[in-house]
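Note that UniProt numbering has the sequence shown beginning at 5, numbered continuously upward.
Written below as structure tokens is the structure these notes are about.
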Amino acid sequence: DLLVVGSANADLVIGVERRPGAGETVLGSDLAVHPGGKGANQAAAAARLGARTALLARVGDDVYGRLLLSSQHAAGVDTVGVLVGGAPTGVALITVDPSGDNSIVVSPGANARLAPEDVAAAGSLLCAARVVSAQLEIPVETVAEVVRNLAPEVRFTLNPSPPAPLPAELLHACDPLIVNEHEARVLLGPRAPADGGPEDWARALLRLGPRSVVITLGAAGALVVEGSAPGSAREPVRVPSVPVKAVDTTGAGDAFAAALAFRLSTGDDLPTAAAFAARVGAVTVTRHGAQESFPTAAEVAEPDTV
Ligand code: ADP
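Structure below.
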């Protein structure tokens, strides 16, 4: 059983020939509205794979909040922990030009109001989970409250996106900390190895205090390093990718994090869970969109789909 704690956004997308400058108006395509936000994406991805998944999040009492609730239901997510009201639903206003470049304005809205008290009130959801997974599109203090309320046997995973400074108590709970190269660079700051490879980055991240680290490397797969038990220093393990024709990488990181948390909740060790997550990420990039692109377990298992 998996609990995802995180954001839920409506992504409002308009195609434009070029983006407007200050004081300018441009005409665009018809509006497309997609359910998004890293929390909602991860919950939908995990449920699609067959995980028993609940989401702890906050949406507004408005049309986008209802869209997000219905898309979570459709994916099979338990939404008893989705709180309603307090501010408008989070929205991402996205314009995309013909080259595929986009400009995005995010209004966090209700996501910014998911408060530490909301976590304390969701105690039964936290107790029911084997793995709790979080990201950073909600307040860091709320995520810190999650780790304070975890039972010792519950595993916690964090994808620190968008990257922000992490308090030590949060870092120490991560098992694993899941980052892409950009997030790794921001978290390490001046401690980043000057010219090392991903293995050096993984070791440097482990020194920040998490119990384990996974670095996702896009088409190159991922890298796993676990904190060493006394006397048994562990070496970073490369997780190969699956060669695919990528058409849209949106949601790949969310699908990877969700699949990893799911497999950890079923008892896989970290390298095995990461290998499965890499296959899920690979299928996701062969399809357009975020939540629309998440595969079922059967689609991941069929070798010719990837
Ligand atoms: P993010 O979207 O957070 O930047 P990545 O780009 O590293 O994360 O992608 C997450 C995972 O998705 C990768 O570890 C890999 O397993 C898979 N993936 C991403 N891009 C590709 C690709 N072009 N080919 C195959 N797998 C990919």
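Virtual Cβ for every residue (Gly too), placed ideally from N, Cα, C.
Given a threshold of 16 other Cβ atoms within 10 Å of its Cβ, counted over all protein chains shown, does residue i qualify as buried or as exposed?
i, result
"S103", "exposed"
"A78", "exposed"
"T300", "exposed"
"S269", "buried"
"D65", "exposed"
"E173", "exposed"
"P214", "buried"
"D82", "buried"
"T57", "buried"
"E145", "exposed"
Among all the DSSP beta bridges, which residues are the ones paired with residue i?
i, result
"S216", "E230"
"S111", "V95"
"P143", "DSSP lists no partner for P143."
"F160", "V136, C178"
"T57", "L6"
"H38", "D15"
"R62", "L87"
"V20", "G32"
"V100", "G19, N106"
"V190", "Partner(s): none; V190 has no beta bridge."
Between residue i and the rest of its own chain, which residues show a CB-CB distance below 8 Å, the 5 nearest in sequence each way excluded?
i, result
"N153", "V123, A124, G127, L130"
"L192", "W205, A208, L209, L212"
Please determine, among the options, the residue with the shortest C-alpha to C-alpha distance to residue i.
i, options, result
"A259", "E187, T270, V287, L274", "V287"
"G69", "L53, T93, G41", "T93"
"E239", "G255, A256, L210", "L210"
"L118", "V88, R242, R23", "V88"
"L71", "A44, H292, I18", "A44"
"A14", "G25, K42, V81", "K42"
"V305", "G293, E296, R283, A47", "A quick correction: the sequence has Ala, not Val, at residue 305. Ranking G293, E296, R283, A47 by Cα distance to A305 puts R283 first."
"L175", "A49, L16, E149", "E149"
"V63", "A198, I219, I142, I98", "I142"
Classify residue i as helix, strand or coil using the three-state DSSP reduction.
i, result
"A282", "helix"
"H176", "helix"
"A138", "strand"
"V241", "strand"
"D15", "strand"
"R70", "helix"
"N106", "strand"
"G32", "strand"
"D272", "coil"
"D82", "strand"
"V246", "coil"
"V251", "coil"
Whose C-beta lies closer than 7 Å to the C-beta of residue i among residues of the same chain, with five residues either side of it excluded?
i, result
"V248", "A286, V289, T290, V310"
"G27", "none"
"G19", "G32, S33, V100"
"R22", "V30, D101"
Return the chain-ordered list of same chain residues with a C-beta closer than 6 Å to the C-beta of residue i, the five sequence neighbours on each side being excluded.
i, result
"A177", "V151, F160"
"V110", "A96"
"T261", "This sequence places Ala at residue 261; Thr is not what is there. Hits under 6 Å: Q46, N163, I182."
"A116", "none"
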